[in-house]
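Novice:
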Amino acid sequence: MKEFFKKVLEQSGTDEEKLRERLRLACEWISDIAQVKSENDPVEKRHLQKKWTGAVKGEYSVANSKWSFFCPVWHSGQAVKSLTMAYAILNEKKFLDAAVLGADFIKANTIPGETSDESLILAFEDHPDKVNTSAIMECMDGLLLLNAYTNDAYRETFLKAAEWIVSHAWLKGKGLYRDLYDPGKKVFLEKAYGGHEGRPLLEDGVLLKAFKLSGKTIFRDAFFESTDRLLKDEYPEGNWLNYVPCRKETGTIHPRHAYWWGYPMFQAYKECGEKKYLDCALRSCRWYVKAQRKDGGLIRGTYLDFSTDSFGHATSGIAAAMSMFCDAMKISGTDEFLEPLAKALNYCMKMQFVNPQDKNLKGAILEKVLPPDGTDRSPYHIRDLGTIFFIQGASKILELK
Numbered sequence: 015m016k017e018f019f020k021k022v023l024e025q026s027g028t029d030e031e032k033l034r035e036r037l038r039l040a041c042e043w044i045s046d047i048a049q050v051k052s053e054n055d056p057v058e059k060r061h062l063q064k065k066w067t068g069a070v071k072g073e074y075s076v077a078n079s080k081w082s083f084f085c086p087v088w089h090s091g092q093a094v095k096s097l098t099m100a101y102a103i104l105n106e107k108k109f110l111d112a113a114v115l116g117a118d119f120i121k122a123n124t125i126p127g128e129t130s131d132e133s134l135i136l137a138f139e140d141h142p143d144k145v146n147t148s149a150i151m152e153c154m155d156g157l158l159l160l161n162a163y164t165n166d167a168y169r170e171t172f173l174k175a176a177e178w179i180v181s182h183a184w185l186k187g188k189g190l191y192r193d194l195y196d197p198g199k200k201v202f203l204e205k206a207y208g209g210h211e212g213r214p215l216l217e218d219g220v221l222l223k224a225f226k227l228s229g230k231t232i233f234r235d236a237f238f239e240s241t242d243r244l245l246k247d248e249y250p251e252g253n254w255l256n257y258v259p260c261r262k263e264t265g266t267i268h269p270r271h272a273y274w275w276g277y278p279m280f281q282a283y284k285e286c287g288e289k290k291y292l293d294c295a296l297r298s299c300r301w302y303v304k305a306q307r308k309d310g311g312l313i314r315g316t317y318l319d320f321s322t323d324s325f326g327h328a329t330s331g332i333a334a335a336m337s338m339f340c341d342a343m344k345i346s347g348t349d350e351f352l353e354p355l356a357k358a359l360n361y362c363m364k365m366q367f368v369n370p371q372d373k374n375l376k377g378a379i380l381e382k383v384l385p386p387d388g389t390d391r392s393p394y395h396i397r398d399l400g401t402i403f404f405i406q407g408a409s410k411i412l413e414l415k
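Residue numbering for the sequence shown follows our numbering, starting at 15 and increasing by one per position.
1) Quick check on residue 364: does DSSP put it in helix, strand or coil?
2) Identify whether residue 274 lies in helix, strand or coil by the three-state DSSP scheme.
3) Is there contact here, the region 395–409 with the region 73–82, by at least three beta-carbon pairs under 8 angstroms?
4) Quick test of your reading: residue 37 and residue 104, contact by CB under 8 angstroms. State the CB separation rounded to the nearest angstrom.
5) Does the region 309–316 come within contact of the region 265–280, defined as at least 3 CB pairs closer than 8 angstroms?
6) Assuming residue 374 and residue 44 make a contact with CB atoms under 8 angstroms, what is their CB distance in whole Å?
7) Would you call the region 359–379 and the region 316–326 touching, i.e. three or more CB-CB distances under 8 angstroms?
8) Please return the same chain residues whose Cβ sits closer than 6 angstroms to the Cβ of residue 180, not counting the five positions on each side in sequence.
9) So, using beta-carbon positions, are residue 216 and residue 259 closer together than 8 angstroms?
10) Applying the criterion that 16 or more other CB atoms from any shown protein chain within 10 Å of the CB defines a buried residue, is residue 286 buried or exposed?
11) Hey, could you find the ends of the beta strand (DSSP E) residue 401 is sitting in?
12) Under the rule that 16 or more other beta-carbon atoms within 10 Å means buried, what is residue 243, buried or exposed?
13) Give the straight-line distance between the Cα atoms of residue 93 and residue 40, rounded to the nearest whole angstrom.
14) Take residue 262 as the anchor and find which of 293, 303, 210 and 86 has the nearest alpha-carbon.
15) Relative to the alpha-carbon of residue 389, which residue among 59, 17, 77 and 350 has its alpha-carbon at the smallest distance?
16) Given a cut-off of 8 angstroms, decide if residue 333 and residue 358 are closer than it, judged by their beta-carbon atoms.
17) Which same chain residues end up closer than 8 angstroms to residue 52 when comparing Cβ atoms and leaving out the 5 residues on each side of it in sequence?
18) Quick one: which unbroken alpha helix (DSSP H) runs of 4-plus residues sit fully inside the region 161–227? Chain order, please.
19) Helix or strand or just coil, what does DSSP make of residue 382?
20) May I have the straight-line CA-CA distance separating residue 106 from residue 127, to the nearest angstrom?
21) Near residue 302, which residues of its chain fall below 6 angstroms by C-beta distance, leaving aside the five closest residues on each side in sequence?
22) For residue 328, count the other beta carbons within 10 Å of its own beta carbon; 16 or more makes it buried, fewer makes it exposed. Which is it?
23) Based on the DSSP secondary-structure assignment, which residues constitute the bridge partners of residue 232?
24) Can you tell me whether DSSP reads residue 28 as helix, strand or coil?
25) Since residue 121 is in the alpha helix (DSSP H), which residue starts that stretch and which ends it?
26) So is residue 161 buried or exposed if we call it buried at 16+ other beta carbons inside 10 Å?
27) Would you call residue 198 buried or exposed, if buried means 16 or more other Cβ atoms sit within 10 Å of its Cβ?
28) Rounding to the nearest angstrom, what Cα-Cα distance links residue 297 and residue 251 in this structure?
29) Mapping the DSSP letters down to three states, classify residue 241 as helix, strand or coil.
30) Using the beta-carbon count (16 or more within 10 Å), is residue 146 buried or exposed?
31) Can you check which of these residues, 275, 254, 274 and 385, is closest to residue 265 by C-alpha distance?
32) What first and last residue would you give for the beta strand (DSSP E) that runs through residue 134?
33) I'd like the span of the alpha helix (DSSP H) that includes residue 75, first residue to last.
34) Please classify residue 218 as buried or exposed, where buried requires at least 16 neighbouring CB atoms within 10 angstroms.
35) Would residue 173 and residue 227 be called neighbours here (beta carbons separated by less than 8 angstroms)?
36) Between the C-alpha atoms of residue 31 and residue 23, what's the straight-line distance to the nearest angstrom?
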């Protein structure tokens, strides 16, 4: 892996010291700028969260100098994961402290389930009062990573959330999970997300990790039901157009779809040794290689034939792919993804604000450039996810050393 590490740095035009500094700068944007430090912070709070301290502000309009949230819980959970990964590399306690603050935000937004074994994380997303099952999963891995540094402080929150998912959202025998839940009425909305009965969710492999943590085979069973459903429903290669947030009617593929569902296939392969899972994970990596633009980036509007829109970049998509490329090299030993990894790293570092006039931008990774609107307003739009997934990818690269 050391040789891979050396080649990635060489081909991306950077060095270890610079990469570590950029990683630190990105973490400081999360911990010092984007994270809510008090219930009195003046930010938009349309989601019905119980508490806000520790949440990460998800959106920033450079033109308006205005912050907003999209999905506070899962974005903050991924920020916790990022900060914890970076702490393992940089050994700077302020990042661990920020991760704890973020995890405590998630814990504070957890309510009892119907039994003592389960609890519901209020992971509101598209609807400010409805919980998305995928958003619950996407906040959980950070809790588990941080748990190793905090004397099991988040073990119970993680496992009870997993218990709620398999007890209520899982459609056993189908490999699907119901999506949109009303915690007030305690019911799922019928075919609420894209008209589907449910979706085969694999996010971060959290249910397989719940099995490893608890020994309860129901978590493993649920995980592998979804992996096999995804193998059946895969289209195009390495992706899943027929499920939202992709758009089947236009052939538009979401920039992180292959990450959420393709990346955990590596875990499935490592768990059982069946090559079909490794092959699927590698196909998802190859989807990103084909979607990657010449400059190393990714466009949110990417279509089946890999044509794209002209604007609306999605740096978070190619940043997420960096982690996949790293694991592909570790697990399969291939150097197939070395060049796209280096291109992605180079692009992300170019998209980082190092010395901006706007203090809210320092350390952030530019997510997208908006189309011209006929004015001189800034076209830059910041999403926390660009920075979050850059931190994860950069940490993975530094782990190769």
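We put the CB at the ideal spot given by N, CA and C, even for glycine.
Since we're looking at a predicted model, the values are computed, not measured.
Specialist: Per the coordinate set shown:
1) Note: residue 364 maps to helix in three-state DSSP.
2) helix
3) yes
4) In this structure residue 37 touches residue 104 by the C-beta definition: roughly 7 angstroms separates them, less than 8 angstroms.
5) In short, these stretches touch, since the Cβ pair count reaches three.
6) Their Cβ separation, rounded to whole angstroms, is 12 angstroms, which puts residue 374 and residue 44 out of contact at 8 angstroms.
7) No, because fewer than three Cβ pairs between the region 359–379 and the region 316–326 fall closer than 8 angstroms, the two stretches do not touch.
8) 232 and 236
9) no
10) By the neighbour-count criterion, in which a residue is buried when 16 or more other Cβ atoms sit within 10 angstroms of its Cβ, residue 286 is exposed.
11) Where residue 401 is concerned, there is no enclosing beta strand (DSSP E), although the alpha helix (DSSP H) it sits in stretches over 398–413.
12) buried
13) 11 angstroms
14) Shortest Cα-Cα distance from residue 262 to any of 293, 303, 210 and 86 involves 210.
15) The residue among 59, 17, 77 and 350 with its C-alpha nearest the C-alpha of residue 389 is 77.
16) yes
17) 67
18) 169–178
19) strand
20) 36 angstroms
21) 335
22) buried
23) Residue 232 pairs with nothing; no bridge assigned.
24) Reduced to three states, the DSSP call for residue 28 is coil.
25) 107–122
26) buried
27) exposed
28) 6 angstroms
29) helix
30) buried
31) 254
32) Residue 134: member of the beta strand (DSSP E) spanning 133–135, first to last residue.
33) First-last for residue 75: 73–75, but that is the beta strand (DSSP E), not the alpha helix (DSSP H).
34) buried
35) yes
36) Residue 31 and residue 23: Cα-Cα distance of roughly 10 angstroms.
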